[in-house]
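J.: Residue numbers (UniProt numbering): 1 to 161. This is the structure I want to talk about, given as structure tokens.
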Amino acid sequence: MSAVLSMPCRAPARSGGFTLPEVLVTLSVIAVLAGLAAPSFNRMIAVQRSKSIAADLVTVLTRTRSEAIKRNLDVTLLPTGGQWQQGWAIQNPGPAGGFLEQHGGVVNATVIGPDSVVFHPNGRLRGNTTPSFDISTTGNPDHRCVMVDLSGRPYVKQGAC
């Protein structure tokens, strides 16, 4: 008699990991979802850019008004190079001249505003018209409007001026 050694039949062990088709399907699903989300992110970034520019303008208008009251002199806010999207600066009314504060240009945006904004020592505006700044950004059809009432207080509204 011969002894037959029998070994139990086992299926080959599967290593822990993903197969190539599983990885490719997962990557293609991620690519499709990213492609659908990209336009929304671009619009969101453009909206935030216009909000940021509007907030910067409100801040500098408030500071210009504050400097006029503090110094008891007329203080002027001017666009850099005659165009607001290139930046703006608060002109020093004192004998030293120069600027009290400067802001650099804005990117992918258009800012349309008055030639200058002048605040009197009482905090009110020079003239009898209210200045407004129309802000539009690339990738966002909506506008923001920064306005200053005659008492000198700036505020923001959504939409064109």
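Ideal placement from N, C-alpha and C gives every residue a C-beta, glycine not left out.
Mapping DSSP to helix, strand and coil, what is N42?
T.: Looking at N42 - three-state DSSP - the assignment turns out to be helix.
J.: Nearest CA to the CA of F133: which residue from P114, G139, D142 and R126?
T.: Nearest of P114, G139, D142 and R126 to F133, Cα basis: P114.
J.: Put T137 into one of helix, strand or coil per three-state DSSP.
T.: DSSP places T137 in strand when its eight states are reduced to three.
J.: Report yes or no: is there a C-beta of chain C within less than 8 angstroms of the C-beta of R124?
T.: Reference to chain C is not applicable here, since this structure consists of a single protein chain.
J.: Please report the residue range of the beta strand (DSSP E) in which H120 lies.
T.: No beta strand (DSSP E) contains H120, which DSSP labels as neither H nor E.
J.: Once you ignore the five residues that flank residue 221 on each side, which residues in its own chain have a CB closer than 7 angstroms to its CB?
T.: A query on residue 221 cannot be resolved here, the shown segment of the chain reaching from 1 to 161 and no further.
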